[in-house]
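There are 2 protein chains.
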Amino acid sequence: MKIALDAMGGDFGPPNLVGGAVLALRAYPQIDKLFLVGDTPQIEAELTKHHCNDRRIEIVHSTQVVAMTDGAVDSVRRKKDSSVSRAVDLVKKGEAAAIVSAGHTGAAVAATTIKLRTLPGIDRPGIAAIMPSETNIFCLIDAGANSDARAEHLMQYAIMGSVYSRHVLGYKSPSVGLMSIGEEDAKGSDLTKEVFKMLKRSALNFRGNIEGHDLFGDPVEVVVCDGFVGNVILKTCESVATAIMKWLKHELMRSKVRMAGAFLAQQAFKAIKKKTNYEEYGGMPLLGVNGICIIAHGASTALAIKNALRVAAESIEQQVNPHIVEEVSRYNETQAPLESALR
Amino acid sequence: MKIALDAMGGDFGPPNLVGGAVLALRAYPQIDKLFLVGDTPQIEAELTKHHCNDRRIEIVHSTQVVAMTDGAVDSVRRKKDSSVSRAVDLVKKGEAAAIVSAGHTGAAVAATTIKLRTLPGIDRPGIAAIMPSETNIFCLIDAGANSDARAEHLMQYAIMGSVYSRHVLGYKSPSVGLMSIGEEDAKGSDLTKEVFKMLKRSALNFRGNIEGHDLFGDPVEVVVCDGFVGNVILKTCESVATAIMKWLKHELMRSKVRMAGAFLAQQAFKAIKKKTNYEEYGGMPLLGVNGICIIAHGASTALAIKNALRVAAESIEQQVNPHIVEEVSRYNETQAPLESALR
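Protein chains in written order, with our numbering: chain A, 79 to 421; chain B, 79 to 421.
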């Protein structure tokens with residue numbers, strides 16, 4: 079399989095990105111070709127540092143980088159030679175099957191949506207974040223692609239999240255919850271109340287509203303929300319986990335007895351750090367575009383990039399997109415007679 | 079001072095509520111009168127259990143309780159003799175200066191808004207949640223009163239949050255951040271982009287967008303968002319904190335060495351538990367209504383109710399409402415010439 083990596087985007091640029099590419103090539107023999115898209119001299123310098131001359135690497139030179147201050151759609155129009163745009167072009171031309179970017183999320187979403195288009199039946203793509211629950215993992219969609227979503231977009235996210243959970247995460251009949259501000263059916267915003275009705279009528283395994291409270295107690299396998307709320311949830315979770323570990327460290331340093339205790343219990347702290355570390359979960363698939371796009375964390379380390387490339391490889395193997403097209407078209411067929419009956 | 083407690087609302091009903099009332103009466107001599115509103119026999123039974131015959135208590139009988147499945151506005155119209163409505167009536171008649179409720183949040187917001195009305199210049203009230211940051215505390219507004227907010231509502235929340243932070247939390251010139259999904263000025267939803275412009279033009283100490291990432295690292299003293307997002311943040315934080323402590327406990331039990339470590343470090347865990355425990359922060363003031371209303375957590379323990387009554391007492395002492403009216407009117411005066419100039 080062939081994957082294109084935006085080798086410039088992200089808070090730390092080529093060092094972490096190329097470092098992750100090197101790790102991934104060592105770990106995943108199923109990658110036949112890895113395009114590193116960006117400034118050739120910088121990429122070559124990093125490869126030299128890692129003593130890497132893997133023949134599966136092909137550098138694709140590009141002269142521009144999307145800045146975090148650039149507008150998402152603007153960046154596609156104005157920076158035609160940006161690393162992310164050029165990487166998407168490789169997918170468009172059929173030279174790569176997937177793109178991975180740790181850069182400006184909005185720019186990656188805009189470039190893939192404009193150049194590759196959405197899948198038939200999908201209006202807006204959504205980012206699926208994989209998160210740890212008490213005993214397992216769950217998928218939160220949309221984690222930030224679409225911050226002004228309409229009800230039909232959320233319905234499509236529910237379908238795409240279910241398909242991804244079934245085919246990639248291995249859940250047989252994924253349960254779906256709608257993120258709201260009360261678990262009772264009638265609670266929520268105008269938007270979620272409308273989506274609730276659509277989900278209730280659908281063939282999905284819909285379990286009703288869920289609240290922030292329930293998120294990590296294994297309530298459902300797919301959590302549906304708009305991209306603004308999803309992005310806030312994702313970043314808030316990171317923030318709370320980081321803060322608690324920091325406060326705990328501070329408290330553990332306050333006496334010699336506590337420090338001794340911390341030393342004895344250090345393996346437990348390491349396990350928690352691993353469980354709450356986004357790097358382990360790799361990138362987040364952007365579902366609904368006609369191609370495969372994996373969004374990696376802006377602050378990705380080499381390990382995170384390696385795992386994002388693993389997620390890209392899994393998505394290629396599992397053929398998620400044809401399944402999405404099939405399920406959405408089945409949903410639309412069941413809706414058509416209902417809608418004409420309601421008219 | 080005189081306070082009315084809804085003695086029926088909340089997940090655990092009279093036992094925790096009356097228990098909290100008893101604790102508060104012991105701790106706060108400044109409370110002259112505490113109305114316990116609800117079913118007299120149940121309230122009396124709880125008081126007997128606590129051997130409490132404090133003369134400052136007055137039971138106000140009511141025959142109905144708002145259920146979690148009731149509609150918010152509906153509950154005010156249909157359950158005229160509910161404990162929360164009757165408690166609000168006491169404030170309306172001037173017999174109490176504040177109401178505390180751990181019941182259906184929407185019902186408490188609706189009852190106070192309909193019966194007491196909003197303050198001059200305020201369109202919709204907002205819930206101010208007090209949360210711990212790395213070295214201090216901050217105020218998140220709106221934490222769930224108004225799930226379909228418009229830009230002007232968020233602007234009013236920023237003003238009210240600033241007033242509360244100055245007069246109750248003691249911040250001299252509270253810094254204000256707008257919760258968004260990117261720290262750059264141009265990022266956000268249609269709603270937050272509009273609010274950004276309004277905040278930028280205002281005299282508030284506005285610091286720009288903040289993200290979920292930054293929440294606990296002391297970025298700002300007032301965080302502004304709509305009630306849907308705020309409620310999700312609040313509940314997600316609780317959920318993450320609970321999950322991490324649970325996972326940690328599980329990991330610490332996995333070997334005798336880790337258990338010994340946990341024993342030595344137990345004081346550190348207790349400190350973290352206290353810092354992340356909502357019970358310590360008490361209730362959340364509903365700002366913008368013409369009266370004082372404190373929203374307590376649905377699952378409030380007696381300790382949480384005691385602290386909610388403390389927050390009510392502080393709000394009465396600090397005269398927050400006249401300050402809100404003054405600041406909003408000052409803001410509106412500066413906006414009037416600007417708006418006519420823009421026309």
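Using N, Cα and C, we set each Cβ at its ideal position, and we do this for glycine too. Because the structure is a prediction, the values reported are computed rather than measured.
Query	Result
Under a CB-based cut-off of 8 Å, is T191 of chain B close to chain D?	Looking at the structure shown, chain D is missing, and the protein chains on hand are A and B.
Report the neighbours of A264 of chain A on chain B: residues whose CB is nearer than 8 Å to its CB, in chain order.	T147 and G149
Comparing the C-beta of M257 of chain B with each C-beta of chain A, is any distance below 8 Å?	yes
With a cut-off of 8 Å, does the C-beta of V318 of chain A fall near any C-beta of chain B?	yes
Looking at the unbroken beta strand (DSSP E) that takes in I177 of chain B, where does it start and where does it end?	A176 to S179
How long is the line joining the alpha carbons of T126 of chain B and P92 of chain B, rounded to whole angstroms?	12 Å
Within 10 angstroms of its Cβ, does K265 of chain A collect 16 or more other Cβ (buried), or is it exposed?	buried
Using the rule of at least 16 other Cβ atoms within 10 Å of the residue's Cβ for burial, across every protein chain shown, is K157 of chain B buried or exposed?	buried
Could you tell me which chain A residues have their CB closer than 7 Å to the CB of N309 of chain B, listed as they occur along the chain?	I259
Does any CB atom of chain A fall closer than 8 Å to the CB of D268 of chain B?	yes
Do you know how far the Cα of K348 of chain B is from the Cα of S161 of chain A?	49 Å
Evaluate H182 of chain A with the Cβ neighbour count: other Cβ atoms within 10 Å of its Cβ, from every protein chain shown; 16 or more gives buried, anything less gives exposed.	buried
From what residue to what residue does the beta strand (DSSP E) around I208 of chain A run?	G204 to P210
Could you tell me which chain B residues have their CB closer than 7 Å to the CB of C315 of chain A, listed as they occur along the chain?	T314 and V318
I'd like to know whether the C-beta of A349 of chain A is nearer than 8 Å to at least one C-beta of chain B.	yes
If you measure beta-carbon to beta-carbon, which residues of the region 224-243 of chain B are closer than 8 Å to chain A?	S225 and D226
By how many angstroms is the C-alpha of C303 of chain B removed from the C-alpha of V144 of chain B?	27 Å
Kindly say whether V335 of chain B, judged by its beta-carbon, lies nearer than 8 Å to any beta-carbon of chain A.	yes
At 4 residues or longer, and completely inside the region 92-162 of chain A: list those alpha helix (DSSP H) runs for me, N to C.	92-105, 118-127 and 150-156
When you compare each of A:V254, A:A382 and A:E262 to L95 of chain A by their alpha carbons, which one comes out closest?	A:A382
Per DSSP, G255 of chain B forms a beta bridge with which residues?	B:V301
Can you grab the Cα-Cα spacing for the pair I259 of chain A / A99 of chain B, in whole Å?	28 Å
Can you give, in chain order, each stretch of the alpha helix (DSSP H) that sits fully within the region 344-413 of chain B and has at least 4 residues?	344-353, 356-359 and 380-396
Does DSSP put F294 of chain B in a helix, in a strand, or in coil?	coil
Classify A189 of chain B as helix, strand or coil using the three-state DSSP reduction.	helix
Just to confirm before moving on: does the CB-CB distance between T412 of chain A and A321 of chain A stay below 8 Å?	no
Between E272 of chain A and chain B, is any beta-carbon pair separated by less than 8 Å?	no
Apart from the five residues on each side of it in sequence, which residues of its chain come closer than 7 Å, Cβ to Cβ, to L194 of chain B?	V166, V169, K170, V367, N368 and G369
Anyone know if the C-beta pair for M276 of chain A and I402 of chain A falls short of 8 Å?	no
Are A343 of chain A and A343 of chain B touching if we call contact CB-CB under 8 Å?	yes
Output yes or no for whether 8 Å exceeds the beta carbon distance between V318 of chain A and V307 of chain B.	no
Under three-state DSSP, which class holds L83 of chain B?	strand
How many angstroms separate the CA atom of I373 of chain A from the CA atom of D84 of chain B?	48 Å
Shortest alpha-carbon distance to L269 of chain A belongs to which of B:E404, B:A227 and B:R244?	B:A227
What do you reckon, are the CB atoms on N214 of chain A and D292 of chain A nearer than 8 Å?	no
For V298 of chain A, which residues of its own chain have a beta-carbon under 7 Å away from its beta-carbon, when the five flanking residues on both sides are left out?	F216, S253, V254, G255, R285 and I288
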